[in-house]
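What follows is a short report on a single structure.
Chains as they are written, first to last, in the numbering used here: chain A, 333 to 640; chain B, 1356 to 2003; chain C, -16 to 541.
Listed below in structure tokens is the structure:
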């Protein structure tokens, strides 16, 4: 095994560890800040860690027709999002270039959604299926945004390599980076939807369909799903930061990790603020909203092709 | 034995089988085994031919039969391109033949005399079609042989008027396609030219036409353009391209018995791909590039492909009949292949080395996707057949919870679904990856290709939605009343081993090619090396993609990476970690029923219908048409012939 | 139209079918009619005289007149008249022509007396069980006089399932409730859904029916009933408390002292304030806007503390007795209440201003759960639901009680008839309530709190009272009786009518809008702040104060 491979493996491992450690903390910050906005005291910052630990020991109720599928869906969900963690840069450049490029990354993110949907389908409850439907519809309409953002980068740098694309490549146009700036705007106003928080937590809408696909899950399975949700917040933030806010590297790995995480935290604060000041949209309203953004992003793609 | 001889032998074997099975048709199982034996034999011969071509390069074209006065010759030539399609036909025909034996129990009311002979001749015709060099007579003969036997197979269940209607539409469309292609060939006929192969006045022979084409292009560009347009229409109809495919394909594929649907969708429509590739890339010599409006044809095909993939897939979203859904999705998947081919043509128009490399990448993608679609779509049709066999319905509204009753079929169907949806680690992703890489980095005259690619990526999410519905509704969700009734009638709903084995083989191939795309890529590489004619020579020179076990496939000089083996290790390890995490707290497991807000007990009325899926999204695609099949006659349980108790 | 004119027109139209008309002269009219003509008379009153349907009441009058009694109540809001059309039924089993086809709003009330009294509404369009539990055997009617209050019939089958209707073709069934995050009270909706579109629903409720009416008729006494009445609802308990007291006072022709009337008014408005604030919060929670949920609860909290200071309880104020109230307002309380009102008004104004321009909130509420004035009329919708649809009705103004005739206030109406209009109506009503309370505090005269009552109230008199609860008109009907308790006491809470409008409101809407449509008629919520903690080991009982509890909650000591 070559030295390069070992570095890739270690880098990926480091990312997984970072995400596993940091994700509940970010969630804690989100909850605390939400509480503050709502004039509440809020739970302690490490409450999410306790929640996860507690859930791991709770009774594991399986209500679907095919429990093995329910289990598999949970494992797959966790595995998919952590694989994505291996591919996304945290501080230094993207570590595990050897296992895929940005196209693989995009489809791995989809895989994470697939796992949630399989979970909903396997649970079989009517509410789960409604939730799964909504999840799928938002995935269909949201995915193109992320795809265009990454593809614009890939077109600018003539490469799909993670370490080249996930390094502010959207601004690497030959001319003035119009496309990158447009996508920055588009991704900013759709970011909430990627991390599935209010006003776009439609698939899980607690007051309508009672957590949708996750409704039938409890105990350790719910713990993992919750962990995945928290990880999604960190990973999508990291992805956004890597694509659009690449500046401020010092070259010192631990310091870079901290800087990167600090940028992610800013994203989380933004998510919290938006979530606390909005009502949940309806599915059809969300689809129209995404469709508009998809239209804009296709224009951006057109500009990118011509070097802007 | 030379590849060409092997192919003639294979066809003769199929013909012999047709006679034999027709003779012993009263003994259904025996006829089935004879048919399977013939298919196995012919497949072995085909594999031999394919292996020879790929390993040692193509032999010489072989003329079996000549009628010199008419320019009439059975001249066969198996090069790399043909080899890929022949291999695919043989690979899919084998499981389909085995599957047929048990599956036809489903059709006790119909004689197998109209099934096996047609089935065998159908396969033979496809073998002939992709290996003949005659663009006129033998093309006609093989095409008609394929069309007529296909017609008989589609109307096999002739008691249902909708099947007759579907078969008639199929027949009409195929005749139009045949006519278009032949008129096109006639316009390119090498009249008055004598060349190396033309001593026998084979003016419609591929090689002759190819030789004559530069002259024709220079002197009659319009005539050639019309001919190529006719080819596009003819083969487009066959492939099911928008807007032609919607006319016949969604009706014909579901009407046929499932193994035949698998063949129709998996391989027969691929002969259209073969024709397009052969005529648009291999027919034109690279010297004539200046006169050949390659970029234009590429753009047309790519845009047509993009429209096809989008329209076909979104139309499939509206279906609730298993096989009809699969048929529409076949149209959509054909679009991906067209996109790859169009990108190749477009990019090849420029002489830039980087773009030529991308062009080759596009063709790799198109060919790879052809293979993949052949595998996973046949698999999915066999899955749908197993469902039909077990429950007697294609209507997904009436299905649910089958995973508990037929776990084997469920897992293979999941593999098929994930493959077609383009999930990493499965074969569909690998080929789509090739197409995306080629199209997204397109430059120069092909700057529209990235937009097409984004549409394709968007559509692949819709494909995912489609197959989450197909798989989820049929196998997960909640047990439907129909499934419960069927399960109560027999010890197990799972199909017997003769139907499971074909599904297993195809599923294994899907996973195998997904994890080791280098196998397929290297086959395609060898195939292109063995097809040195027309632009094939240009394509053979470029090596767009390199591969290795751990580093996977790498394109664009390492700028595009897909390493499934490494990826599967990571995902696998993380799944183990996830499992360990869930065990950590020592949580007890308990089984119960879903929560329904605590008052009403669950009934079949609580099931989420297949019809209701993606309502908010489907509303926006109504203008695309593609109405779902009308509801079937009521009470399917009572009316379908009772499925036999499984042998297993 | 004045009462005597109504009687005249009825007599013109129906002649001898109008047997007797009592006009006690306090905005009430009791007309005894022939049972055969009841249906056409009701149609005449409802359609031609354009009266508003209030409720229908069945009563077992056999011990007194050897017959069953059915009363249909209508309101003439413009003339301030509540009218009762009564008829005696002598058959066995008793039968009466159903008016539900003419007056769709009577659907539930007729089914209710069918269940509880066994009076058959002949020709009812949907004669399905409404109130009795699923396992209750047919033919047993708990509200009849010969049935004991604690009667449990033989053959009561707890496991029996309710026979639901078949869903329409192509629809699946989504159960909603009784346990659902947005439902605060148990009720079951069986939604017929096509994809995400709701095509219809079936309702199964009355899961927490406690038989309070039966208790009042057989166990409790006149002055015990107000405390039971208050427990009918966790959020507008005071409304039922006052409405009951007023109904008895009406029947017995008692007028409580003015100071008591002002105190009743203040407490009713205080209740409306906290109820509306709670509703806005809940509605926001339903559409996922938790920040406003929390903020409106924060704004509401001082009102709850104030209520506790005044009455000793955050809720269930135990305010009324027949002929007066139980406690007084001190000068300090008045001053403090003024302070609280000022603060609530300021904070609420800020919220209303923020919400009024909120596009995001409008997206989820504009055009959702729409009711037309026709629907309001037909189904008898009331309160903010009716006012939001532009139907200008308010019992405080139309049928004044307590001190409402001595204060000025505006009746807020909307135009859209949708959830957004209901939100605006309720938001504005908060300011009107504050205005009313301020006027009351200013105008409240000195004087006694309670009348000296005679030993026995007159027997066989009828009284009815409509009180404008936060959610609409609460209607109480009382027939006075022997043994110091009413012979018949009927309560019709506002949700009883408003819930019947839900199927029309949610039809052909998205599932996501169903919860807010349902929520927009105002759900009920019970909240308790103080806990009593019994240490099992020592048996010691500790009562924590509000401050201690708050501290403990924040520090998580418990």
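Virtual Cβ for every residue (Gly too), placed ideally from N, Cα, C.
Here the structure is a predicted model, which is why all the values come from computation and not from measurement.
For residue 238 (chain C) and residue 385 (chain C), the gap between their C-alpha atoms comes out near 10 Å. With a 10 Å radius around the Cβ and a threshold of 16 neighbouring Cβ atoms, residue 61 (chain C) comes out exposed. DSSP places residue 1417 (chain B) in the strand class (E or B) of the three-state scheme. Close CB contacts of residue 1613 (chain B) within its chain, under the 7 Å cut and outside five residues either way in sequence, are with 1458, 1736, 1737, 1739, 1740 and 1743 (chain order).
Residue 1770 (chain B) and residue 1866 (chain B) have their C-alpha atoms some 7 Å from each other. The C-alpha of residue 1591 (chain B) is placed about 23 Å away from the C-alpha of residue 1879 (chain B).
Residue 1806 (chain B) belongs to the set of residues whose beta carbon lies under 8 Å from a beta carbon in chain A. Excluding the 5 residues flanking it on each side, residue 1391 (chain B) has same chain C-beta neighbours closer than 7 Å at 1452, 1453 and 1456, in chain order. Under the three-state reduction of DSSP, residue 103 (chain C) is assigned to strand. What residue 277 (chain C) touches in chain A, judged by beta-carbon distance under 8 Å, is 370, 371 and 372, going in chain order. In the structure shown, the three-state DSSP call for residue 1362 (chain B) is helix. Put simply, the backbone Cα of residue 551 (chain A) is about 42 Å away from that of residue 582 (chain A). Minimum Cα-Cα distance from residue -5 (chain C) among the listed residues C:453, C:7 and C:24 corresponds to C:24.
Scanning B:1486, B:1471 and B:1417 for the CA closest to the CA of residue 1401 (chain B) turns up B:1486.
Against chain A, the beta carbon of residue 1759 (chain B) has neighbours under 7 Å at 397 and 398, listed in chain order.
For residue 1602 (chain B), the CB contacts under 7 Å within the same chain, skipping 5 residues up- and downstream, are 1524 and 1528 in chain order. With a threshold of 8 Å between beta carbons, residue 580 (chain A) makes no contact with chain B. Distances from the alpha-carbon of residue 481 (chain A) to those of A:527, A:397, A:574 and A:560 put A:574 closest.
The continuous beta strand (DSSP E) containing residue 185 (chain C) extends over residues 180 to 187. Residue state for residue 1839 (chain B) is assigned as helix, using DSSP reduced to three classes. Per the coordinates, the alpha-carbon of residue 134 (chain C) lies some 12 Å from the alpha-carbon of residue 201 (chain C).
Segment contact: the stretch 260 to 267 of chain C against the stretch 278 to 292 of chain C, three or more CB-CB distances shorter than 8 Å; contact assigned. Fully contained in the stretch 1479 to 1518 of chain B are the following alpha helix (DSSP H) runs of length 4 or more, in chain order: 1492 to 1509. When A:340, A:416, A:537 and A:638 are compared, the shortest CA-CA separation from residue 512 (chain A) is found for A:638. Residue 1638 (chain B) sits away from residue 1435 (chain B), with the two beta carbons spaced by 8 Å or more. For residue 1850 (chain B), the secondary structure class from DSSP, reduced to helix, strand or coil, is coil. Its Cα nearest to that of residue 73 (chain C), the residue C:47 stands out among C:47, C:419 and C:441.
Taking 8 Å as the cut-off, the beta carbon of residue 1776 (chain B) is found no closer than this to the beta carbon of residue 1791 (chain B). For the pair of segments examined, the stretch 1581 to 1591 of chain B was found to touch the stretch 1535 to 1543 of chain B: the number of CB pairs separated by less than 8 Å reaches three.
In this structure, residue 1772 (chain B) sits near residue 1826 (chain B), with a CB-CB distance shorter than 8 Å.
The beta carbons of residue 1702 (chain B) and residue 1643 (chain B) sit no closer together than 8 Å. Against chain C, a Cβ distance below 9 Å from residue 380 (chain A) picks out nothing, because the smallest value is about 16 Å. Under the three-state reduction of DSSP, residue 156 (chain C) is assigned to strand.
The C-beta of residue 153 (chain C) comes closer than 8 Å to at least one C-beta of chain B. Between the C-alpha atoms of residue 386 (chain A) and residue 556 (chain A) there is a straight-line separation of about 12 Å. Here the alpha carbons of residue 1859 (chain B) and residue 1476 (chain B) stand approximately 26 Å from one another.
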